[in-house]
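In my numbering, the protein residues as written are 1 to 387. No residue lacks a Cβ here, since even glycine has one placed at the ideal position from N, Cα and C. It should be emphasised that the depicted structure is a prediction, and the values quoted were computed from it without experimental measurement. Working notes for the structure below.
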Ligand SMILES: Cc1cc2nc3c(=O)[nH]c(=O)nc-3n(C[C@H](O)[C@H](O)[C@H](O)COP(=O)(O)OP(=O)(O)OC[C@H]3O[C@@H](n4cnc5c(N)ncnc54)[C@H](O)[C@@H]3O)c2cc1C
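What follows is the structure, given as structure tokens:
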């Protein structure tokens with residue numbers, strides 16, 4: 001087995017090389033941090049170079065909708081959908097429309113054992129539960145781009161939802177513009193390590209002496225702004241803790257275990273390859289209080305005519321209001337800036353395979369609290385010495 005590139009740090013794991021290879025010579029192999037990278041089986045490889053031709057590292061030209069997007073605040077009128085979604089439930093409404101057109105919806109779901117996340121095709125409304133809600137773990141694409149191509153060749157509408165790098169990967173793989181393909185990406189903070197998530201779930205199961213039966217990363221029990229991780233177990237017990245206290249959410253938002261390419265993400269711009277971008281409308285209560293109910297408001301960015309047509313189809317099922325793009329993005333720096341890798345990341349990831357995940361997060365947290373306290377004491381001493 002040989003790696004596809006010498007320096008893997010720019011690989012976002014989009015899987016376009018894996019999907020395009022006619023010889024099935026590429027395997028996606030997890031590294032010690034738990035992220036998947038392509039490895040070529042030299043016995044099967046025929047040097048056709050297709051893998052490099054669809055790779056964003058070798059072929060840098062981006063496929064973008066160049067127009068400045070139209071921005072909207074949007075909330076599903078059905079409160080159950082809003083409650084069960086990460087923000088305003090707009091993903092579910094668009095998905096519902098596509099399914100009614102005999103289409104296919106493709107998005108991220110948790111595995112049956114809740115220990116991993118992967119992309120999955122849904123054709124029936126009753127399966128939509130699987131896709132609804134953000135899963136803050138890198139989702140495995142597997143062979144889904146090939147599946148998308150098959151559906152499109154059958155003439156069925158396809159709604160593909162994923163991170164900006166996954167949407168880019170899909171277009172790179174397809175290399176043809178299909179009128180029935182609708183794509184939607186996210187404003188993405190970055191994707192956490194699948195290994196971190198697996199360890200977190202396994203340790204929670206051990207602690208509760210039970211098996212997880214549901215996992216929701218965006219419970220709104222304490223409101224949308226103070227969202228929480230909610231786990232339910234087969235012995236009837238429940239775990240629920242907010243983003244500041246929960247080990248996984250707080251570690252994710254402290255950027256301790258994101259994929260290396262996320263710290264230097266090439267998709268940090270308002271122009272996107274996708275037809276629509278969905279996001280949390282952070283700051284909505286300040287700028288548009290009439291559109292905020294602390295149960296979730298989606299920010300919708302429309303990049304293309306197809307995107308506008310999709311939004312038009314859900315007009316009767318949602319409250320949708322045009323908003324100012326700059327105001328809307330002013331509380332969402334993930335739209336245009338990569339997060340910085342904290343100094344502790346390398347040490348954290350090195351220890352992750354063998355140490356207890358919860359203890360590692362706690363250790364890093366207390367160290368940063370001490371550091372912050374130390375900096376504050378120094379500032380006070382400096383001020384006092386000037387007097
Ligand atoms: C890893 C990640 C980071 C994010 N970071 C931000 C951010 O910094 N700022 C911001 O405003 N919004 C961010 N979002 C988007 C936000 O969490 C909501 O997904 C978005 O507001 C849409 O919500 P909704 O209520 O319309 O639909 P939901 O029902 O909540 O959306 C569900 C759909 O989102 C997609 N999705 C869920 N998990 C994943 C995954 N692991 N990989 C790929 N696609 C996935 C799916 O296809 C899924 O089916 C992020 C989402 C993810 C997955």
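Within 8 Å, strictly: CB atoms of residue i and residue j
{"i": "residue 35", "j": "residue 259", "result": "yes"}
{"i": "residue 131", "j": "residue 103", "result": "no"}
{"i": "residue 277", "j": "residue 380", "result": "no"}
{"i": "residue 324", "j": "residue 299", "result": "no"}
{"i": "residue 182", "j": "residue 158", "result": "yes"}
{"i": "residue 73", "j": "residue 291", "result": "yes"}
{"i": "residue 165", "j": "residue 287", "result": "no"}
{"i": "residue 320", "j": "residue 310", "result": "no"}
{"i": "residue 177", "j": "residue 274", "result": "no"}
{"i": "residue 65", "j": "residue 303", "result": "yes"}
Alpha carbon of residue i to alpha carbon of residue j, nearest angstrom
{"i": "residue 17", "j": "residue 38", "result": "8 Å"}
{"i": "residue 48", "j": "residue 362", "result": "48 Å"}
{"i": "residue 313", "j": "residue 89", "result": "15 Å"}
{"i": "residue 23", "j": "residue 15", "result": "15 Å"}
{"i": "residue 98", "j": "residue 317", "result": "14 Å"}
{"i": "residue 245", "j": "residue 21", "result": "44 Å"}
{"i": "residue 449", "j": "residue 189", "result": "This structure cannot settle anything about residue 449, because the visible part of the chain is limited to 1 through 387."}
{"i": "residue 391", "j": "residue 306", "result": "Residue 391 lies beyond the range of the chain shown here (1 to 387); nothing can be said about it."}
{"i": "residue 136", "j": "residue 179", "result": "31 Å"}
{"i": "residue 155", "j": "residue 358", "result": "48 Å"}
{"i": "residue 294", "j": "residue 129", "result": "22 Å"}
{"i": "residue 56", "j": "residue 62", "result": "8 Å"}
{"i": "residue 467", "j": "residue 227", "result": "Nothing can be reported for residue 467: it is not among the residues displayed for the chain, which extend from 1 to 387."}
{"i": "residue 147", "j": "residue 12", "result": "21 Å"}
{"i": "residue 173", "j": "residue 142", "result": "13 Å"}
{"i": "residue 8", "j": "residue 337", "result": "21 Å"}
{"i": "residue 234", "j": "residue 214", "result": "9 Å"}
{"i": "residue 122", "j": "residue 105", "result": "5 Å"}
{"i": "residue 69", "j": "residue 342", "result": "32 Å"}
From the options, residue whose alpha carbon lies closest to that of residue i
{"i": "residue 161", "options": "126, 200, 91", "result": "91"}
{"i": "residue 149", "options": "322, 19, 195", "result": "19"}
{"i": "residue 249", "options": "310, 218, 73", "result": "218"}
{"i": "residue 118", "options": "365, 101, 138, 12", "result": "138"}
{"i": "residue 33", "options": "353, 68, 385, 198", "result": "353"}
{"i": "residue 134", "options": "152, 113, 114, 87", "result": "87"}
{"i": "residue 80", "options": "152, 253, 93", "result": "93"}
{"i": "residue 265", "options": "254, 122, 339", "result": "339"}
{"i": "residue 193", "options": "230, 2, 253, 207", "result": "253"}
{"i": "residue 346", "options": "271, 301, 240, 263", "result": "263"}
{"i": "residue 356", "options": "50, 31, 230, 247", "result": "247"}
Cβ of residue i within 8 Å of any chain B Cβ
{"i": "residue 268", "result": "Of the chains in the structure shown, none is chain B; there is only one protein chain."}
*Is it true that the segment 250-259 meets the segment 315-335, where meeting means three or more beta-carbon pairs spaced less than 8 Å apart?*
The segment 250-259, when compared against the segment 315-335, does not touch it at the 8 Å Cβ threshold.
*Answer yes if the segment 194-212 comes into contact with the segment 43-61, meaning at least three C-beta pairs across the two stretches below 8 Å, and no otherwise.*
no
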